[in-house]
Every structure is written in structure tokens, then in C-alpha cells.
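Engineer: A single structure is presented below for examination.
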Amino acid sequence: MISNGYLAKVVNERVVTEEDMGRVGLGTDGDFNQKELSDLCNSPSRNALVVETWRRLAGPGGSKARPDGTARKTLVFAVDRAHAEALTKEFEAAGVKGCALLHGGTPLQLRRSVLTAFKHGALSVLVNVMILTEGFDDPMVEAVFMARPTRSTSLYTQVRRRSGGRPGKSWDGGRAGGWERDRE
Numbered sequence: 001m002i003s004n005g006y007l008a009k010v011v012n013e014r015v016v017t018e019e020d021m022g023r024v025g026l027g028t029d030g031d032f033n034q035k036e037l038s039d040l041c042n043s044p045s046r047n048a049l050v051v052e053t054w055r056r057l058a059g060p061g062g063s064k065a066r067p068d069g070t071a072r073k074t075l076v077f078a079v080d081r082a083h084a085e086a087l088t089k090e091f092e093a094a095g096v097k098g099c100a101l102l103h104g105g106t107p108l109q110l111r112r113s114v115l116t117a118f119k120h121g122a123l124s125v126l127v128n129v130m131i132l133t134e135g136f137d138d139p140m141v142e143a144v145f146m147a148r149p150t151r152s153t154s155l156y157t158q159v160r161r162r163s164g165g166r167p168g169k170s171w172d173g174g175r176a177g178g179w180e181r182d183r184e
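For the record, in the sequence shown the residue sitting at position 46 is 46 according to UniProt numbering, with numbers rising by one throughout.
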């Protein structure tokens, strides 16, 4: 499918953090324990690193920004609601315009409104918690940041496929972030 231009080639970049994932136990599903993962990942320094990395790579003027210098249309995947709220506040505090949040408690009408705004380019960053992992398709998504570590290959694959589906594009991403770029 990649060679036929239906899917983009995946090129991973990993952002190393100081958190020790060995301290996080496993849940009954074999993935990381959500509470322990949230306690570890939802820290001011790690959230600032996510935003700093986005700005450096996919943000306005970033090394992987659009050719015109504007920000890449980005999905951010958070551990839980508290983590997503903290990340959204961090993006806003950094002056990122057009950032919104979706989680399981987001009312349906607001969810539709946010998704419409994102699809039409009114938002550049959309932080979510397990809302856009499957069943969401916006071929114009250009970057994905996986701010929630996972041991699940299927979850990771679903998340990374939220970007890079357009012909002529490839996807650079890691378990901490990614972006789409023109194929060479």
C-alpha cells in the first residue's frame, strides 16, 4: 500500500524524556497502567518538552513547518483528561493559536464543532484522549504527537496512521511525535 501511494512511508523520530517507564506497571489489558502512566507523563517539564518539540519541528517556522512557514496541522494524543488539559494549557501558554481539546466528556455538539473547525483549518493543534485513535479520518493531518506512551502495537499503529495518508507524503513520527513531509 505504501509503494502504491495509498499510505505514507513511516519514519520515526523519538523524543527522549527523563521519565523512567520501568516504574509504570501494566494494566489488565497489557498496556501501561493508566493512573501510573498519567502520574509519570503529566509533569510540567514533560508537557513543556512536548510543546517545545512541536514548536521546533511542526510549529510556525519549525524545521518541518509547511513550506510557507506556517504550523503543520497536528493531532496530540494524551494519557488521560488531566494530561490533555495540562497539554492544552501548555500549548496556549506558549502562544499557540488554534489549539483545542477533545476527551470522552466533551459534549457531542462541541465535539462536532471542534472537529469541523480542525478539518477546515481554524485549529492547528487538537489534543485528544482516545477519541481520534480509530474511525477518524482527516487526510490533511500533517503531524501526530504521541504524548502517551503505549505498549500496544495496535494502538500505536492506529495513532500513527492518523497522518500521512496523502499520496506524495511520508510520515516522520515516533512514540513521542511526528510530522508529514513531501516524499523525495
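In this text, a Cβ means the ideal position worked out from N, Cα and C, and glycines have one as well.
Since this is a predicted model, take the numbers as computed values, not measurements.
To the nearest whole angstrom, what separates the beta carbons of Ala-82 and Val-127, a pair I think is in contact under 8 Å?
Structural biologist: Within the sequence shown, numbered from 1, the residue matching residue 82 stands at position 82. Within the sequence shown, numbered from 1, the residue matching residue 127 stands at position 127. Rounded, the Cβ-Cβ distance is 12 Å, inconsistent with contact.
Engineer: Let me confirm a value: Glu-18 is counted as buried when at least 16 other C-beta atoms fall within 10 Å, else exposed. Which label applies?
Structural biologist: Along the sequence shown, one-based indexing puts residue 18 at 18. That one is exposed.
Engineer: Using a Cβ-Cβ cutoff of less than 8 Å, which residues in the same chain neighbour Cys-99 once the five nearest sequence positions on both sides are dropped?
Structural biologist: What you label residue 99 is simply residue 99 of the sequence shown in a count that begins at 1. So the list reads Thr-88, Phe-91, Glu-92, Leu-123, Ser-124, Val-125, Leu-126, Val-127, once near-sequence residues are dropped.
Engineer: Report the option in Lys-64, Phe-32, Asp-80 whose CA atom is closest to the CA atom of Thr-74.
Structural biologist: On the sequence shown, residue 74 is found 74 positions in, with the first residue counted as 1. Measuring from the Cα of Thr-74, the nearest candidate turns out to be Lys-64.
Engineer: If you draw a straight line from the alpha carbon of Ala-143 to that of Gln-109, how long is it in whole angstroms?
Structural biologist: Here residue 143 corresponds to residue number 143 of the sequence shown, with the count starting at 1. Here residue 109 corresponds to residue number 109 of the sequence shown, with the count starting at 1. So the two alpha carbons sit approximately 25 Å from each other.
Engineer: May I have the straight-line CA-CA distance separating Leu-132 from Gly-104, to the nearest angstrom?
Structural biologist: Numbered from 1 along the sequence shown, position 132 holds the residue referred to as residue 132. Numbered from 1 along the sequence shown, position 104 holds the residue referred to as residue 104. Going by the C-alpha atoms only, they are around 11 Å apart.
Engineer: In three-state terms, what does DSSP make of Met-140?
Structural biologist: Here residue 140 refers to the residue found at position 140 of the sequence shown. Met-140 falls in the coil class under three-state DSSP.
Engineer: With DSSP collapsed to three states, give me the class of Arg-175.
Structural biologist: One-based indexing of the sequence shown puts residue 175 at position 175. A caution first: Arg-175 carries a pLDDT of 43, below 50, which makes its placement in the model unreliable, though a value can still be read off. Arg-175 falls in the coil class under three-state DSSP.
Engineer: Can you list, in chain order, the residues of its chain whose CB lies under 7 Å from that of Val-24, leaving out five sequence neighbours each side?
Structural biologist: For the purposes of this step, residue 24 is identified with residue 24 of the sequence shown, where counting begins at 1. Cβ within range, chain order: Phe-32, Asn-33, Glu-36, Leu-37, Leu-40.
Engineer: Less than 8 Å between the CB atoms is what I'm expecting for Gln-96 and Phe-145, so what's the real figure, rounded?
Structural biologist: Taking the first residue of the sequence shown as 1, we reach residue 96 at position 96. Taking the first residue of the sequence shown as 1, we reach residue 145 at position 145. First, the residue type needs correcting, since residue 96 is Val and not Gln in the sequence shown. Actually they are not in contact, since the Cβ atoms of Val-96 and Phe-145 sit about 12 Å apart, beyond 8 Å.
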